[in-house]
Amino acid sequence: MTIEINNLHKKFGKNKVLKGVDLSIDQGRIYAILGPNGSGKTTLIKSILGMVIPEKGNISVLNSPIKKDWKYRKKIDYLPQIANFPPNIKVKELIRMIKDLRNSPSEEASLISLFGIQTFLDKKLSTLSGGTKQKVNIVLTFMFDSPLIILDEPTTGLDPKALICLKGLIQNEKAKGKTILITSHIMQFVEEMADEILYLLEGEIYFKGTVGILMEQTGQHDFEHAIAALTSTENHA
Amino acid sequence: MLKILKYSFYDLIRSRWSYVYFLFYLTLGFVLLFLNNDVSKAVITMMNVIIVLIPLIGTIFGVMYYYNSREFTELLLAQPVKRSSIFLGQFFGVAGSLTLSLILGLGIPFLLYGLMRSNAIFDFSLLLVTGAFLTFIFVGLSFLIAISNENKIKGFGYAVLLWLFLAVIYDGLFLMSLIVFEEYPLDTFSLIATALNPIDLSRILILLKLDISALLGYTGAIFKKFFGTQLGFVVSMAILLFWTIWPVLGLRYKANRKDF
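Going line by line, the protein sequences match chains H and B.
Note that full-length UniProt numbering gives residue 14 to position 14 of the first sequence, counting from 1, and the numbers run on in steps of one.
Note that full-length UniProt numbering gives residue 65 to position 65 of the second sequence, counting from 1, and the numbers run on in steps of one.
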């Protein structure tokens, strides 16, 4: 079991974002965390990373509880949603810095050439476009060899070629037996990548299962409609 | 923490504003020395400028740096780094680079002028020490305000208000209370009231070291009696140290409990 979550509660002020999430994530699969805006996807991910401190509940990553621990993050590669880096630092300095902080072996060279950002290495981060920043972000995430990868909206701003590279990368990592969590609003991307869907609604896990089961349960023939149907059945009930 | 400190520091000393701040002190130092031609007087003028300016710059830099590096902080939070290390590292990076600008900016002109030969070296080093203290105090306070306020405008507002209060309003209230309660013995009150505000405390410390306390009349004599002694000096330094430490502890406390 890569991640084990029990009865997780979190509220921001009066807004209850997570209301007792129970979840277990198995090794070697790709999970897509889906849900309408504000359903708690990012809060869930950030709780796993220890960036959000839950009121109640337990989280274990790789069989050890994460409370008051920080070393377990060495086992996680995280791609944040919006990549905003310190403006005065050059790309290669940022890469060197993250390497220095993590102190683990990394393979950035192949990733840099894969995404074609060699020419940007000597540029300051403030001069890069959104898409290029996202490529840097991806390089920073995938250059380490950690058993758990968490990607928050990885497709943002990517051109088609980079998107294909990203998909290849994700499949590659899965083949190595890694566990991958993805959030995305691009249903085509999710359908292509995910082994299992976690659908969050109003702070609870509303659906967990494969794409096939989802289609069956909702009686829809394409994935996008099946997801939409999940939300509307809730509205009728 | 040292790694974060290194990168924050590196990031800051390459930013334009650090140079502007450094060049400002450099110019101030050179201009005052050439206009005054007297190290002691230059130290006094310098004190009047920096005692207000250091807290202001420290406050603004601290708040700006905290809010500007928010996303970067989030990136660091996902790395295997202890939470408190991230914030303390950034704090020491900002305060350290500002202190460096101050010490180099003022130190170079004084050294060139021949500080070592004059007997003002102690006054001058006291100026730099209190300057460093004020930088750390106000960067710490502004970090604490920034981490407690999600809203940038609010955080910025509170930080500037705090500066305004300690640099200007506090003195006003102090003077008013002296006038209102003039019938009563106010020696102890004014001593304590001065010691509680780090800006006032720094000012008094430097003034008394410069041996111009005679200009302050009776109050000056009382202040001299307390702050002029070894004990008074140690107590003042302890208070400055206290002002430096509690915002840092507060920052650590907040950092360990905040959601990002």
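Using N, Cα and C, we set each Cβ at its ideal position, and we do this for glycine too.
{"query": "Environment of B:Leu207 [buried if 16+ CB atoms lie within 10 Å]", "result": "buried"}
{"query": "Assigned secondary structure, B:Phe260 (DSSP; H/G/I helix, E/B strand, else coil)", "result": "coil"}
{"query": "Residues near H:Lys74 in its chain [Cβ-Cβ closer than 8 Å; skip 5 each side]", "result": "Arg102, Ser104, Ser146"}
{"query": "Under 7 Å from the C-beta of B:Val81: neighbouring residues of chain H", "result": "Trp70, Leu101"}
{"query": "Host beta strand (DSSP E) of B:Val81 (start-end)", "result": "From DSSP, B:Val81 is part of no beta strand (DSSP E); its letter is neither H nor E."}
{"query": "Cβ neighbours of H:Phe120 in the same chain (closer than 7 Å, five flanking residues each side left out)", "result": "Val91, Leu128, Thr132"}
{"query": "B:Gly96 classed as buried or exposed, judged by whether at least 16 other C-beta atoms fall within 10 angstroms", "result": "buried"}
{"query": "Member of H:Thr156, H:Ser113, H:Phe85, H:Lys46 whose CA lies at the smallest distance from the CA of H:Lys124", "result": "H:Phe85"}
{"query": "Neighbour flag for B:Ala221 against chain A, beta carbons, 8 Å", "result": "In summary, chain A is missing from the structure at hand, where the protein chains are H and B."}
{"query": "Proximity winner among H:Gln188, H:Lys41, H:Pro36, H:Ile95, relative to H:Asp122 (alpha-carbon distances)", "result": "H:Ile95"}
{"query": "Any C-beta of chain B under 8 Å from that of H:Phe85", "result": "yes"}
{"query": "Rounded Cβ spacing between B:Ile192 and B:Phe227 (contact assumed at less than 8 Å)", "result": "Their Cβ separation, rounded to whole angstroms, is 12 Å, which puts B:Ile192 and B:Phe227 out of contact at 8 Å."}
{"query": "Burial state of B:Gln230, where buried means 16 or more other Cβ atoms lie within 10 Å", "result": "exposed"}
{"query": "C-beta neighbour in chain H for B:Lys254, strict 8 Å", "result": "no"}
{"query": "Cα-Cα separation, B:Thr59 to H:Gly130", "result": "31 Å"}
{"query": "Contact residues within the stretch 211–223 of chain H, judged by C-beta distance below 8 Å to chain B", "result": "none"}
{"query": "Classification of H:Leu18 by the beta-carbon crowding that lies within 10 angstroms, buried from 16 upward", "result": "buried"}
{"query": "Spatially closest choice to H:Thr42 from H:Val211, H:Asp152, H:Gly157, by CA coordinates", "result": "H:Asp152"}
{"query": "Nearest neighbour of residue 280 of chain B, chosen from B:Gln79, B:Leu88, B:Asn48, B:Ile50 [CA to CA]", "result": "Residue 280 of chain B lies beyond the range of chain B shown here (1 to 260); nothing can be said about it."}
{"query": "Spatial neighbours of H:Glu55 in its chain, beta-carbon cut-off 8 Å, leaving aside the 5 residues before and after", "result": "His9, Lys10, Lys11"}
{"query": "H:Arg96 at chain B interface by Cβ criterion, 8 Å", "result": "no"}
{"query": "Close-in-space but distant-in-sequence residues of the same chain around H:Ala237 (CB under 7 Å, 5 per side omitted)", "result": "Because the pLDDT at H:Ala237 is just 42, under 50, the model does not fix this residue reliably, and the value given afterwards should be weighed accordingly. Excluding residues within five positions, none has a Cβ falling inside 7 Å."}
{"query": "Neighbour-count burial assignment, B:Val63, 16 or more Cβ in a 10 Å radius", "result": "buried"}
{"query": "DSSP-derived helix/strand/coil call for B:Val248", "result": "helix"}
{"query": "Where B:Ala255 sits in the DSSP three-state scheme", "result": "helix"}
{"query": "Extent of the continuous alpha helix (DSSP H) run through B:Asn48", "result": "39–68"}
{"query": "Distance between beta carbons of H:Val139 and H:Ile112, contact taken as under 8 Å", "result": "6 Å"}
{"query": "Beta bridge counterpart(s) of H:Ala32 as assigned by DSSP", "result": "H:Ile182, H:Ile197"}
{"query": "Residue range of the unbroken alpha helix (DSSP H) whose run includes H:Lys167", "result": "160–175"}
{"query": "Cβ of B:Tyr67 within 8 Å of any chain H Cβ", "result": "no"}
{"query": "Beta-carbon proximity list for H:Met187, same chain, < 7 Å, skipping 5 on both sides", "result": "Phe223, Glu224, Ile227"}
{"query": "Proximity winner among B:Thr130, B:Ile147, B:Ile179, B:Leu173, relative to B:Asn256 (alpha-carbon distances)", "result": "B:Ile147"}
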